[in-house]
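Chains as they are written, first to last, in my numbering: chain C, 1360 to 1605; chain D, 1360 to 1605. Below: the structure, in structure tokens.
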DNA sequence: AGTCTGCATTGATCAAAATCAATTTGCGGC
DNA sequence: GCCGCAAATTGATTTTGATCAATGCAGACT
């Protein structure tokens, strides 16, 4: 029992995946947690650093504990795009077959992740219905989110995309959906790569939202939402008046 | 036993979901199939028709039997975008919460779908490990595919997107990955809405691929791949020489 | 305090794709 | 085989955002 307590203390005590009731490790019995923890590797990743390839290769299930991780694809001529963002609680399953390159995970903020072995993860999903429910529901959210993101990239203007991005940040940040102040979390160039824009366009776009009095920029990475309803409208693709005419 | 045989005969006999070993209903015992079939509604949908909203509302799990279904979002000023494509064997789980509009399913070719009740679908995923494996692996593919699609939309040129689209069609069509002739399946304007382009640009882009001798257009909807390697390169984002210079 | 260094912003061009407006082309029905 | 029509193509023009090139700024380090 001391061993068990110690085993948990070692890695998992205080880990958000365990302490937040909605997340995967909170669904586990003590025994399951100990078992899982012996096949998991928690790691800190500095901003801009890729997640260790060897680690991913051995344990291709990555749970995000803290920070933001991007799934990055680099085209052969250097164009970079970030196909998806993963936030606290998300589970990234990197197993894949097929002809297209899988892309690689990079930290877009200082981050903490925990990589799990496929065997223990699959076992959990098989045997623990609560863990399974969390895992499946996270997958479903990822699918729905990806669809929304495709709509953003497919047909929206730069300001619309940025409005959508601000809401994504708000939804995923600790305070949740009712904060007035939103932390953009990523650098301009990462926002650009994620939203299919150039950094300059991100900059101008945020300025434009400010000019329309939908937001106020507070320093480099914080935004105060001034008119949440109008910003939401814009994010959802309502054309949006070209600002208050004189 | 006659009843059982009849019950299967009624709806599920000859259904691809049952006859194709890789698909969900092929994983079920006779009893499970009968049970599921009593909570499922197979439907044909004509091209351009939305999937009946009431049907989706009652049974929000949609399995694609045949044809192509698109998840369509229409912005308030009429811009249309198709966030995802679903092909034979795909399972669409439309349950979702959250602020963004869910989008609606429309048939992009004449299609056949089967809508399942959440209860019986969840029961299946809970109790039948093989069915669960099929369902989860389909979700994982959808996630990976969506990521690839985001890369296409985020940073690729029109010809690159079209090359990627041709490969998507090839991968999902019955013949599979080694066909020379690919059926584009969708109309130009649907391709446009899916790939984040305008129909005119799709037309010009396909012409461009033909000019570069990567493909040959065979009628309106069929394409012969002339140089699969180079086309793949282009799809993957290698700049691509501006055609054979004189 | 002073410099260094990465980011962010700004401004001036440029190019790709969108838009607008006709035609043209196939294809299903007679 | 010939209509009729939706879909596809073509061409001219405009727009948006990318690109290129500085400049500005704030925090880290000495």
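No residue lacks a Cβ here, since even glycine has one placed at the ideal position from N, Cα and C.
is_contact[residue i, chain D] using C-beta, thresh 8 Å
| i | result |
| --- | --- |
| residue 1560 of chain C | no |
| residue 1532 of chain C | no |
| residue 1471 of chain C | no |
| residue 1435 of chain C | yes |
| residue 1501 of chain C | yes |
| residue 1376 of chain C | no |
| residue 1452 of chain C | yes |
Distance, residue j Cα to residue i Cα
| i | j | result |
| --- | --- | --- |
| residue 1508 of chain D | residue 1388 of chain C | 38 Å |
| residue 1592 of chain D | residue 1386 of chain C | 44 Å |
| residue 1377 of chain C | residue 1448 of chain C | 10 Å |
| residue 1535 of chain D | residue 1392 of chain C | 42 Å |
| residue 1564 of chain C | residue 1518 of chain C | 5 Å |
| residue 1429 of chain C | residue 1454 of chain C | 16 Å |
| residue 1416 of chain D | residue 1540 of chain C | 36 Å |
| residue 1558 of chain C | residue 1550 of chain C | 7 Å |
| residue 1583 of chain C | residue 1483 of chain C | 41 Å |
| residue 1553 of chain C | residue 1520 of chain C | 10 Å |
| residue 1491 of chain C | residue 1573 of chain D | 45 Å |
| residue 1601 of chain C | residue 1373 of chain C | Confidence at residue 1601 of chain C is low in this model, with a pLDDT of 43, below 50, so the placement of that residue should be treated as unreliable; the coordinate-derived value is given next. C-alpha separation (whole angstroms): 49 Å. |
| residue 1501 of chain C | residue 1581 of chain D | 33 Å |
| residue 1532 of chain C | residue 1462 of chain D | 25 Å |
Contacts of residue i in chain C (Cβ-Cβ under 8 Å)
| i | result |
| --- | --- |
| residue 1512 of chain D | 1509, 1512, 1513 and 1555 |
| residue 1464 of chain D | Here the premise fails: no neighbours, minimum Cβ distance about 11 Å. |
Contact list for residue i against chain C, beta-carbon separation under 9 Å
| i | result |
| --- | --- |
| residue 1564 of chain D | Ordered by position in chain C, no residue passes the 9 Å Cβ test against residue 1564 of chain D, which lies about 15 Å from the chain. |
| residue 1505 of chain D | 1442, 1443, 1501, 1502, 1504, 1505, 1506, 1508 and 1509 |
| residue 1488 of chain D | 1485 |
Under the three-state DSSP convention, the category residue i falls into
| i | result |
| --- | --- |
| residue 1514 of chain D | helix |
| residue 1473 of chain D | strand |
| residue 1591 of chain D | helix |
| residue 1577 of chain C | strand |
| residue 1379 of chain D | coil |
| residue 1431 of chain C | strand |
| residue 1537 of chain D | coil |
| residue 1451 of chain C | strand |
| residue 1602 of chain C | With a pLDDT of only 40 at residue 1602 of chain C, under the threshold of 50, the placement of this residue in the model should not be trusted, and no figure is reported. |
Short Cβ contact (8 Å threshold) for residue i with residue j
| i | j | result |
| --- | --- | --- |
| residue 1528 of chain D | residue 1512 of chain D | no |
| residue 1467 of chain D | residue 1406 of chain D | yes |
| residue 1522 of chain D | residue 1568 of chain D | yes |
| residue 1596 of chain D | residue 1434 of chain C | yes |
| residue 1450 of chain C | residue 1497 of chain C | yes |
| residue 1474 of chain D | residue 1562 of chain D | no |
| residue 1375 of chain D | residue 1424 of chain D | yes |
| residue 1442 of chain D | residue 1506 of chain C | yes |
| residue 1470 of chain D | residue 1383 of chain D | no |
| residue 1510 of chain C | residue 1503 of chain D | no |
Chain C within 8 Å of residue i, Cβ atoms only
| i | result |
| --- | --- |
| residue 1459 of chain D | yes |
| residue 1593 of chain D | no |
| residue 1430 of chain D | yes |
| residue 1546 of chain D | no |
| residue 1602 of chain D | Unreliable positioning characterises residue 1602 of chain D in this predicted model, as indicated by a pLDDT of 41, which lies under 50. The coordinate reading is nonetheless provided below. No - not a single Cβ of chain C is within 8 Å of the one on residue 1602 of chain D. |
| residue 1587 of chain D | no |
Neighbouring residues, chain C, relative to residue i (Cβ below 7 Å)
| i | result |
| --- | --- |
| residue 1438 of chain D | 1514 and 1596 |
Closer than 7 Å at the beta carbon, the chain D residues around residue i
| i | result |
| --- | --- |
| residue 1537 of chain C | Those within 7 Å of residue 1537 of chain C in chain D number zero; the least Cβ separation is about 12 Å. |
| residue 1455 of chain C | 1503 |
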